[in-house]
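What follows is one structure encoded as structure tokens, with my remarks underneath.
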Amino acid sequence: MNQENIRNFCIIAHIDHGKSTLADRLLEETHTIAQRDLKEQILDSMDLERERGITIKSHAIRMTYEADDKKKYIFNLIDTPGHVDFSYEVSRSLAACEGALLVVDAAQGIEAQTISNLFLAIENDLAIIPVINKVDLPSAEVDNVKRQIVELIGCDESEILPASAKTGLGIHDILERITTEIPPPRGDRNGKLQALIFDSIFDSYRGAIAFVRIFNGVLRKGDLIKFMSTLQEYSADEIGILRLSREPVKELQAGEVGYLITGAKNVRDTKVGDTVTLARDPAPEALAGYKEVKPMVFSGIYPIVSEDFENLRDALEKLSLNDSALVYVPETSKALGFGFRCGFLGLLHMEIVQERLEREYNLSIINTVPNVVYRVHLTNGKVMEIDNPADLPNAGVISKIEEPYIRAQIITPPEYIGNIMRLSTEKRAIYVNQAYLDTNRADMTFLFPLAEVIFDFYDKLKSYTRGYASLDYDFDEYRESKLVKLDILINGEPLDALSTIVHNDKSYEWGRKLTRHLKKLIPQQMFEVAIQAAIGSKIIARQTVKALRKNVLAKCYGGDISRKRKLLEKQKEGKKRMKQIGRVEIPQEAFLAVLSMDGDND
Amino acid sequence: MAKNITGRPGLYVHIPYCDTKCAYCDFYSITRQDSRAAFIPALIREIHSYGREPYTRNTFDTIYFGGGTPSLLSVEELSRILEALRQTFPLAEDSEITLEANPGTIRPEKLKAFKELGVNRLSMGIQSFDDADLKALGRLHTARQALQSFAEARRAGFDNISLDLIFALPGQTLKRWRDNLKTLLELAPEHVSAYNLIYEPGTLFHRWREEGKLKAAPGTLEEKLYVTTMETLENAGYIMYEVSNYARGERYYSRHNSKYWDHTPYLGFGPSAHSYWPEERWSNIRSARGYNQKAHAGEPTVSFQEQLGTETRMFETVMLGLRTRRGVDLKRFAKHFKNDFGAIFRPQTEKLIREGFARIEDNHFRLTAKGLMICDEIIPHFHHD
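Residue numbers (our numbering), protein chains in the order written: chain A, 125 to 726; chain W, 7 to 391.
Structure (structure tokens):
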């Protein structure tokens, strides 16, 4: 196929703005699928993704389109993950394209996430085709949204396509515009092979499958290839294009999009952003933009029953086959026994992993309070990276602690600006600037400590703005903060899993709140339970759960033993799930006390 | 072994009829009498259906008429039921035959007649000697009637009487409960059951509490009431032989109820009646009409049945044993489970003993008074994994 007739593009849209439905329509209109398949949204193939209505891992699909000019085109639609945790993956997907459909919901208008992805696309020099979707909604504000788009990308209003993925309105126009507006790829098929891995997945039969965009040269089946970041060499056992399923081909040329199966067993070998070249005739340099993805958020994951430790290890191993961003190392907690410290790209990524462990692997787990990676400068000049509060050295040997900050963009109706300013103060943010997208939307930028964002930030933002604000963020830099480690002691024994690193100014309030909250979560038991918060050896807060003095009820009469027994058996199951700390039984919820604490002001 | 704990099987008969439904009661009881004519023949039919091996191989030594209000039975009805039982099962000469009686439902002549039929123990549902309490509970009798009925029972020759009282009633003060106990001691019954009120789902009390129409006693008061009961009765010479049961000497332990607590077999007849015969538990349907129909059609009246596995039986042994003063019989435990209680539950027992919640005495693992008070907290710890 002539490069001139290839169009590689993606869709930029906020969650719920209709990306998947629009993709389905394009597939239908190009006869890639005869009619709507049973599965609602083809591109999201994981159950979890479907439930959450977001695309977590990107895929690509190839369509053939005969345009009004009677020419046949190949369209490669490259899907992009839709969450801020995966912004690096998004950037690589965008890098594989020459153009993007900017899809904005006619009723909702532009959201923060759309803007940041749009800017990424513009940085990558992509041609942008603006589309207003859901124009058939009664609540559509087409003119308003048009103005927002014009403001943002400086196009002419007439260039914006009205569409409804639901009714099919505008779909044909979109396809035509793809052929006219998006430039064809401009690779050199005679050049040395450079193929960008924009995604990779693990398949239990085939191992790692890399999704690639060929920039230069030709990739042939059987070629000995090399991954330029790891320098590992493999044979291209199978290459192919992506329709509804994988279709093997003999070669992929510059400009094309397809998949590559080598002997690589793990997605860690086929890293997103890496460049594939020929081992015997390598390109002089890799494509730009590759970076090692580093986890930003860490949390301990422990099996509730210690016998599940090996099962948990197996499950994490399997998950990480398909998720190169997930890292885990064994760790031991005095309170929780053997488990793993896991690193995630962000909170959503963490929740997905936790949920998959429970759902797909049937494991009951306790996950500890998430934390960020602190950079600790010691008095001897050394610098440590701490991903577990329990590992923080003594205050005496620390000269300073730095914590990661993110640059956050919040888009909000102006009436909530005051609330957002309040939230930013609560969360120790540094205000950067504010601009208006139009009269209805303010675009605010802050620097937030990431640690503050991983505690109930989304929920708060939602409630402060009645759900109207949207957020996007990116890592900014490490900054020095006055941080201390706050320990929780149960009857004098430190509960390592509940140690947190908090800002000094907040530590007393934090300690009071946390102990008070724990008091509610720890049931009365045979003994008095003292819950203390401490910084170093200094106790800053204390609560007491009084010993249970009476818990006995009658009812073993009339011979109905079964009922009483079942009642107590239920409690027995509950007791089994509790963690024994000294002689105190701690329910699982207590280990997440920090997360459920906020808003707890009595 | 205490004097009145025999190891022989027992018989239970459930009489579901009541004049009124008490607001706290969740036993199966009905006030409509239209099923009653068919009930006695159905009951007798069910009793006869057990006239076979292995049941008839044993000598039974208790009969317990519970309800409902069994004292509403006519002399003739009771006589027919007893006759059916005696025809069907070998009964010990000295069997304990208990009948639950509500004050005000039983005239002196009837008392005498019941006594002559062989009833030798009365369990009287006094609940309180305070008219305000009685009204709140929805009881039909007054405190005066309670005293009178007790006196009449004594006159009729009942020398083994148990009185039921309930504490932690809505609005009940410590003083009011103390007065109750004082009256109780003046009557000097052989046996006392003092129950902590439970708001059982399905009862009016439960609903009223949910609706905020009445307020449950605070936990601290419940605790005081419980301790007061224990202390007052023990000081007066009663033995607390189970969490809610007191007797003026071992021979007044409820021989029948004790069977429930140590896996002695028992057969129950009538709607909702429960049975245990090693290693099976079953119970009848909770409907008098349904029960009558099934019994008359010769169909099983059982609606629930379970086989006790070793683990379940073990947990029951602990659960029931720890509620009694005797505790878990370690010799019997080892013999039955071919394993030592101490070996299976070492961490739990050591901790409880160390902290003064339990002790081992006379080859029994038993809770102390402090432990008994929180036995519902302690029992669920006896899981082994």
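Glycine included, every Cβ here is placed at the ideal spot set by N, Cα and C.
Any non-hydrogen atom of the ligand PLP within 7 Å of residue i CB
i               : result
Cys31 (chain W) : Ligands are entirely absent from the displayed structure, and the ligand PLP is therefore not among its contents.
Bridge partners - residue i, DSSP secondary structure assignment
i                : result
Ile363 (chain A) : A:Val373 and A:Leu384
Ile705 (chain A) : A:Val708
Arg365 (chain W) : W:Arg372
Met508 (chain A) : A:Val500
Cys134 (chain A) : A:Ile202 and A:Ala224
Leu610 (chain A) : A:Thr624 and A:Ile659
Ala94 (chain A)  : Since the first and last residues shown for chain A are 125 and 726, residue 94 (chain A) lies out of range.
Met130 (chain W) : W:Ala107 and W:Leu169
Per-residue DSSP class, three states only, for residue i
i                : result
Lys327 (chain W) : The displayed chain sequence assigns Gly, not Lys, to residue 327 (chain W). It is helical.
Cys466 (chain A) : strand
Met381 (chain W) : Here residue 381 (chain W) is Cys; the residue named in the question, Met, does not match the sequence. Helix.
Gln356 (chain A) : coil
Met187 (chain A) : strand
Leu522 (chain A) : The amino acid occupying residue 522 (chain A) in the given sequence is Ile; Leu does not appear at that position. Note: Ile522 (chain A) maps to strand in three-state DSSP.
Val249 (chain W) : coil
Glu539 (chain A) : helix
Val767 (chain A) : Residue 767 (chain A) is absent from the structure shown; chain A starts at 125 and stops at 726.
Gln127 (chain A) : helix
Phe66 (chain W)  : strand
Pro386 (chain W) : helix
Thr179 (chain A) : Residue placement at Thr179 (chain A) is poorly supported in this model, since its pLDDT is 39, which falls under 50; the coordinates are not used for a value here.
Lys221 (chain W) : coil
Asp267 (chain A) : helix
Gln154 (chain W) : helix
His20 (chain W)  : strand
Residue i classed as buried or exposed, judged by whether at least 16 other C-beta atoms fall within 10 angstroms
i                : result
Tyr582 (chain A) : exposed
Phe371 (chain W) : buried
Pro22 (chain W)  : buried
Glu332 (chain W) : Contrary to the premise, residue 332 (chain W) reads as Arg rather than Glu in this sequence. Under this definition Arg332 (chain W) is a buried residue.
Val72 (chain A)  : Because chain A here runs from 125 to 726, residue 72 (chain A) falls outside it and cannot be looked at.
Val477 (chain A) : buried
Tyr124 (chain A) : No information on residue 124 (chain A) is available, as it lies outside the stretch 125 to 726 that chain A covers here.
His302 (chain W) : exposed
Tyr560 (chain A) : exposed
Pro427 (chain A) : buried
Lys688 (chain A) : buried
Glu482 (chain A) : exposed
Gly142 (chain A) : buried
Asp209 (chain A) : buried
Val453 (chain A) : exposed
Which of the residues in the segment 666-696 of chain A, read from start to end, lie with their CB under 8 Å from any CB of chain W?
-> Cβ contacts with chain W come from Leu672, Arg673, Lys674, Asn675, Val676, Leu677, Ala678, Lys679, Cys680, Tyr681, Gly682, Gly683, Asp684, Ile685, Ser686, Lys688, Arg689, Leu692, Glu693, Gln695 and Lys696.
Okay, do the segment 129-141 of chain A and the segment 230-243 of chain A touch, 3+ Cβ pairs below 8 Å being the bar?
-> Yes, the segment 129-141 of chain A touches the segment 230-243 of chain A.
Going along the chain, which residues of the segment 241-254 of chain W sit with their C-beta nearer than 7 Å to a C-beta in chain A?
-> In summary, the residues of the segment 241-254 of chain W whose CB is separated from some CB of chain A by less than 7 Å are Val249 and Ser250, in the order they occur in the chain.
Mind checking the segment 282-295 of chain W against chain A and listing, in chain order, the residues whose C-beta falls within less than 8 Å of any C-beta there?
-> Answer set for the segment 282-295 of chain W: Tyr282, Arg287 and Ser289.
Looking at C-beta atoms only, is the number of pairs between the segment 427-442 of chain A and the segment 495-503 of chain A that lie closer than 8 Å three or more?
-> No, they do not touch.
Identify each residue in the segment 345-367 of chain W for which the Cβ-Cβ distance to at least one residue of chain A is less than 9 Å, and report them in chain order.
-> Of all residues in the segment 345-367 of chain W, only Lys357, Leu358, Glu361 and Phe363 come within less than 9 Å of chain A when Cβ atoms are compared, listed by chain position.
Does the segment 531-544 of chain A come close enough to the segment 561-570 of chain A to have 3 or more Cβ pairs within less than 8 Å?
-> Three or more pairs of CB atoms, one per stretch, sit closer than 8 Å, so the segment 531-544 of chain A contacts the segment 561-570 of chain A.
Which residues, in chain order, does the segment 139-157 of chain W contribute to contact with chain A at a C-beta distance below 7 Å?
-> Contact residues of the segment 139-157 of chain W toward chain A are absent (C-beta to C-beta distance below 7 Å).
Is the segment 377-389 of chain A touching the segment 332-339 of chain A in the sense that three or more CB pairs, one from each, lie closer than 8 Å?
-> Judged by Cβ distances under 8 Å, the segment 332-339 of chain A makes contact with the segment 377-389 of chain A, as three or more pairs qualify.
Please determine if the segment 507-516 of chain A and the segment 639-648 of chain A are in contact, where contact requires at least 3 C-beta pairs separated by less than 8 Å.
-> No: fewer than three Cβ pairs fall under 8 Å.
What residues in the segment 701-716 of chain A have a beta carbon less than 8 Å from any beta carbon of chain W?
-> Of all residues in the segment 701-716 of chain A, only Arg707 place a beta-carbon less than 8 Å from a beta-carbon of chain W.
Pull out every residue of the segment 371-389 of chain W whose Cβ sits closer than 8 Å to any Cβ of chain A, in chain order.
-> If the cut-off is 8 Å between Cβ atoms, the segment 371-389 of chain W has Leu378, Met379, Ile380, Cys381, Asp382, Glu383, Ile384, Ile385, Pro386, His387, Phe388 and His389 near chain A.
Do three or more CB pairs link the segment 189-201 of chain W to the segment 13-32 of chain W at distances below 8 Å?
-> Touching, no, given that fewer than three Cβ pairs across the two stretches are closer than 8 Å.
If you pair each beta-carbon of the segment 251-263 of chain A with each one of the segment 617-628 of chain A, do three or more pairs fall below 8 Å?
-> Flag = no, the segment 251-263 of chain A and the segment 617-628 of chain A do not touch.
What are the residues of the segment 648-668 of chain A that lie near chain W, defined by any Cβ-Cβ distance shorter than 9 Å?
-> Those would be Gln648, Gln649, Met650 and Phe651, in chain order.
Residues of the segment 52-78 of chain W with Cβ closer than 7 Å to any Cβ of chain A, in chain order | Flagged, chain order: Gly72.
Between the segment 309-324 of chain W and chain A, which residues of the former have a C-beta closer than 8 Å to a C-beta of the latter?
-> Listed in sequence order: Phe310, Glu312, Thr318, Phe321 and Glu322.
Take every Cβ of the segment 285-296 of chain A, pair it with every Cβ of the segment 351-360 of chain A, and state whether three or more of those distances are shorter than 8 Å.
-> Cβ pair count under 8 Å is below three, so no.
Is there contact here, the segment 247-265 of chain W with the segment 710-717 of chain A, by at least three beta-carbon pairs under 8 Å?
-> No, because fewer than three Cβ pairs between the segment 247-265 of chain W and the segment 710-717 of chain A fall closer than 8 Å, the two stretches do not touch.
According to a CB-to-CB cut-off of less than 7 Å, which residues of the segment 258-272 of chain W neighbour chain A?
-> Cβ contacts with chain A: Asn263, Tyr266, Trp267 and Tyr272.
So, do the segment 308-318 of chain A and the segment 264-282 of chain A have three or more beta carbon pairs nearer to each other than 8 Å?
-> No: the two stretches stay apart, fewer than three of their Cβ pairs being nearer than 8 Å.
Could you name the residues of the segment 230-241 of chain W whose beta carbon sits closer than 7 Å to any beta carbon of chain A, in the order they occur along the chain?
-> Of all residues in the segment 230-241 of chain W, the ones placed with a Cβ closer than 7 Å to any Cβ belonging to chain A are Tyr232, in chain order.
If you measure beta-carbon to beta-carbon, which residues of the segment 326-346 of chain W are closer than 8 Å to chain A?
-> Per Cβ criterion, the list reads Leu326 and Arg329.
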